[in-house]
Amino acid sequence: MDNKIYKSRRESLNTILPENCALIIPGADLQYRNADSSYALRQESSFYYFSGFCEPSSLMVMVHQEDKISSIVFVPPKDKLREIWDGYRAGPIGAVDDYGFDQAFENTKINELMPELLQGVKKVFYPIGKKSGFDQNVIDWTCAASSKDRHSQSIDIMDGSSMIGNMRLIKDDHEIEIMKKACDISAESFVEVMKNIKPGENEQLIESKFLYEFGKRGGRFPAYTPIVAGGENACVLHYIENNQDLNESDLILVDAGCEYKMYASDITRTFPVGGKFSEEQLAIYNIVLEANKAAIDAVKTGNNIMEPQLISEKVITKGLVELGILDGNPEELHKEGAFKDFYMHKIGHWLGLDVHDVGDYMENGEFMQFKPGMITTIEPGIYISSSMNVDDKWKGIGVRIEDDILVTNDGNINLTEKVPSCPKEIESLMA
Ligand code: GLY
Ligand code: MN
Ligand code: MN
425 MDNKIYKSRR ESLNTILPEN CALIIPGADL QYRNADSSYA LRQESSFYYF
475 SGFCEPSSLM VMVHQEDKIS SIVFVPPKDK LREIWDGYRA GPIGAVDDYG
525 FDQAFENTKI NELMPELLQG VKKVFYPIGK KSGFDQNVID WTCAASSKDR
575 HSQSIDIMDG SSMIGNMRLI KDDHEIEIMK KACDISAESF VEVMKNIKPG
625 ENEQLIESKF LYEFGKRGGR FPAYTPIVAG GENACVLHYI ENNQDLNESD
675 LILVDAGCEY KMYASDITRT FPVGGKFSEE QLAIYNIVLE ANKAAIDAVK
725 TGNNIMEPQL ISEKVITKGL VELGILDGNP EELHKEGAFK DFYMHKIGHW
775 LGLDVHDVGD YMENGEFMQF KPGMITTIEP GIYISSSMNV DDKWKGIGVR
825 IEDDILVTND GNINLTEKVP SCPKEIESLM A
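Quick note: the sequence shown uses our numbering, first residue 425, plus one each step.
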């Protein structure tokens with residue numbers, strides 16, 4: 425089993441985790457949909473990042489001592505009966521032999537062994553507040569570790585979220601290859617579904633087609649619940665009811681991305697159900713497209729991460745003024761934030777093992793700069809619901825265009841450009 429990549433990630437903590445400190449990362453527990461019907465296990469992303477290990481209720485501890493990281497994992501015990509029902513368990517021996525941990529124990533022994541493992545460390549880092557009930561466990565273990573020797577100094581509990589997040593923020597080559605594939609699967613699925621959409625179909629059918637196209641290409645699960653929003657439903661930003669019939673004269677907004685080998689992709693396209701944009705739909709669409717393109721151009725090493733945000737706000741404000749939807753001087757309106765009635769979310773987010781991935785957005789009190797290996801979404805939008813005080817002809821139009829952008833040494837790569845966003849290309853794809 426090739427688990428070198430995960431071991432090397434654990435080892436590289438020796439430049440980040442201070443000496444005589446421990447980092448604890450809990451894995452995911454099995455989740456139940458109802459009664460005893462469980463969902464397939466989705467391992468906790470950071471636990472997976474440092475282990476590649478996918479059994480529930482596991483936990484890992486990395487301890488930095490004498491310039492070396494020791495990694496210890498607690499895993500479900502071998503159990504003949506449970507393995508007949510649920511499948512193979514590596515057990516502690518497999519965790520060492522196949523996953524390269526220095527030590528492994530049964531997870532039934534966590535409370536007994538953790539105080540011993542933490543004895544003598546100065547600080548314990550872990551992702552505070554992320555797993556229900558876990559904060560109290562860490563307090564109990566560190567108190568028990570401190571009280572083992574009343575003459576030792578007490579152990580500080582520290583939030584390890586930034587330490588883990590900022591490591592995950594810069595994707596290594598292994599991750600970039602997987603994410604390219606995730607984006608390809610999602611892009612091909614978009615093209616396939618867009619080609620075959622028909623007026624009168626239900627949003628739920630479109631969702632099913634996406635899940636089928638993802639699964640067929642190796643992306644069994646979506647990275648998040650797809651948004652399939654016909655007409656005005658697109659103005660509900662996280663619309664996931666996906667149960668209305670599609671009108672020929674409406675746009676449909678689909679925000680969907682597969683998860684592939686644990687990594688997310690995240691694409692939005694908005695296109696005409698009947699295959700042809702109306703004049704008003706096209707006018708709004710072109711503003712969002714211009715914002716999308718201009719913002720993507722600003723995603724490059726050394727640029728501030730807020731640059732695409734500002735550019736998109738300015739393009740959208742100017743476009744809305746040109747259409748007479750906003751009235752006034754574009755610069756003044758931008759300063760006042762008038763665009764926020766129509767564009768009420770941010771330009772994007774980090775993308776990785778989680779769709780809204782970890783990683784800070786600020787460092788030293790300021791928004792950070794783009795660095796090679798970051799992957800961000802760029803997803804400007806304009807949403808005009810029927811309750812807004814605008815000419816009726818604009819009402820019910822909601823448009824978002826979302827791409828996944830890898831920052832490189834000398835610019836960026838749009839990982840999702842295989843799905844057309846140019847209106848002419850969309851119309852000819854759907855013809
Ligand atoms: N799909 C969720 C988002 O775009 O943020
Ligand atoms: Mn997104
Ligand atoms: Mn999205």
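Built from N, CA and C at the ideal position, the CB exists for glycine as well.
Exercise for the section: Return the CA-CA distance between THR649 and TYR430, expressed in angstroms with no decimal places. Expected result: 28 Å
Exercise for the section: Might you give, ordered along the chain, the residues of its own chain that have their beta carbon closer than 6 Å to the beta carbon of ASP583, omitting 5 neighbours on each side? Expected result: Shown here for ASP583: same chain residues with a beta carbon closer than 6 Å to its own, the five before and five after excluded, namely ILE552 in chain order.
Practice task
Name the residue from VAL660, GLU631, ILE609 and THR566 whose alpha carbon lies nearest to the alpha carbon of PHE638.
Solution key: ILE609
Practice task
Return the residue from the list ASN438, ASP597 and CYS846 that minimises the CA-CA distance to GLU490.
Solution key: Taking each of ASN438, ASP597 and CYS846 in turn and checking the Cα distance to GLU490, the smallest one comes out for ASN438.
Practice task
Just mark LEU483 as buried or exposed, buried being the case when its beta carbon has 16 or more other beta carbons within 10 Å.
Solution key: buried
Handout entry: Cβ-based neighbour list, SER736, same chain, cut-off 6 Å, excluding 5 preceding and 5 following
Key = ALA715, ALA719, ILE771 and PRO804
Practice task
Please list, in chain order, all residues with a C-beta atom less than 6 Å from at least one heavy atom of ligand 2.
Solution key: Every residue passing the under-6 Å Cβ criterion appears here: ASP690, HIS773, THR801, GLU803 and GLU826.
Handout entry: Nearest-angstrom Cα separation, counted from LYS595 out to MET792
Key = 16 Å
Handout entry: Assigned secondary structure, TYR523 (DSSP; H/G/I helix, E/B strand, else coil)
Key = helix
Problem - Beta-carbon spacing of ASP674, GLY699 below 9 Å - result: no
Problem - Beta-carbon proximity list for SER469, same chain, < 6 Å, skipping 5 on both sides - result: Only LEU777 and ASP778 meet the Cβ criterion.
Practice task
Pair every Cβ in the region 632 to 646 with every Cβ in the region 720 to 728, then say whether three or more of these pairs are closer than 8 Å.
Solution key: The region 632 to 646 is not in contact with the region 720 to 728.
Practice task
Pull up the distance between the alpha-carbon of LYS572 and that of SER462, whole angstroms please.
Solution key: For LYS572 and SER462, the distance between alpha carbons rounds to 39 Å.
Problem - Beta-carbon proximity check, ALA680 vs SER632, cutoff 9 Å - result: Against a cut-off of 9 Å, the Cβ pair of SER632 and ALA680 comes out as no contact.
Practice task
Only counting runs of 3 or more residues, tell me where the beta strand (DSSP E) segments fall wholly within the region 450 to 524, in order along the chain.
Solution key: 456 to 458, 483 to 489 and 492 to 499
Problem - Integer-rounded CB distance, given that SER481 should sit under 8 Å from ASN531 - result: 6 Å
Handout entry: Environment of GLN455 [buried if 16+ CB atoms lie within 10 Å]
Key = exposed
Handout entry: Beta-carbon contacts of PRO796 that lie in its chain and below 8 Å, excluding the five residues immediately before and after
Key = ILE594, THR725, VAL831, THR832 and ASN833
Exercise for the section: Go ahead and label ARG506 buried or exposed: buried means 16 or more other beta carbons lie within 10 angstroms of its beta carbon, across all protein chains shown. Expected result: exposed
Handout entry: Terminal residues of the alpha helix (DSSP H) in which TYR648 lies
Key = Segment: none, TYR648 is in no alpha helix (DSSP H) and carries neither H nor E.
Handout entry: Environment of SER845 [buried if 16+ CB atoms lie within 10 Å]
Key = By the Cβ neighbour-count rule, SER845 is buried, with 16 or more other Cβ atoms within 10 Å of its own.
Exercise for the section: Look at the alpha carbon of GLU849 and the alpha carbon of MET618, and state the distance between them as a whole number of angstroms. Expected result: 11 Å
Handout entry: Within the region 615 to 691, ranges of the beta strand (DSSP E) (whole runs, at least 3 residues)
Key = Secondary structure within the region 615 to 691: the beta strand (DSSP E) runs of 3 or more consecutive residues, fully enclosed, are 651 to 654, 675 to 680 and 682 to 684 (chain order).
Problem - Cβ neighbour criterion (16 or more within 10 Å) applied to HIS662 - result: exposed
Exercise for the section: List in chain order: all unbroken beta strand (DSSP E) runs of 3+ residues lying wholly within the region 545 to 625. Expected result: List check, beta strand (DSSP E) in window: 547 to 550 and 580 to 583.
Exercise for the section: Just grab the DSSP bridge partners of PRO796 for me. Expected result: BP columns for PRO796 are empty, so no partner.
Handout entry: Start-to-end residues for the beta strand (DSSP E) that takes in THR832
Key = 827 to 832 is the span of the beta strand (DSSP E), which, as asked, contains THR832.
Exercise for the section: For GLY822, verify whether its CB is less than 8 Å away from any heavy atom of ligand 3. Expected result: no
Handout entry: Limits of the unbroken beta strand (DSSP E) element including ASN836
Key = 835 to 838
Practice task
Can you tell me which of PHE763, GLY748 and ASN728 puts its alpha carbon nearest to the alpha carbon of LYS738?
Solution key: Checked all of PHE763, GLY748 and ASN728; the closest Cα to LYS738 is PHE763.
Problem - Distance cut-off 8 Å: GLY805 Cβ against heavy atoms of ligand 3 - result: no
Exercise for the section: Output the distance between the C-alpha atoms of GLU683 and GLY476, rounded to the nearest integer angstrom. Expected result: Looking at the two C-alpha atoms, the distance is approximately 16 Å.
Practice task
Could you please give the first and the last residue of the uninterrupted alpha helix (DSSP H) stretch that includes VAL823?
Solution key: Careful: VAL823 lies outside any alpha helix (DSSP H), inside the beta strand (DSSP E) at 821 to 824.
Exercise for the section: May I have the straight-line CA-CA distance separating GLY748 from LEU706, to the nearest angstrom? Expected result: 15 Å
Practice task
Could you please give me the residues that DSSP links to ARG693 through a beta bridge?
Solution key: Bridge pairing for ARG693: VAL678 [DSSP].
Problem - Backbone secondary structure at ALA377 - three-state DSSP - result: Since the displayed the chain opens at 425 and closes at 855, residue 377 lies outside it and no answer follows.
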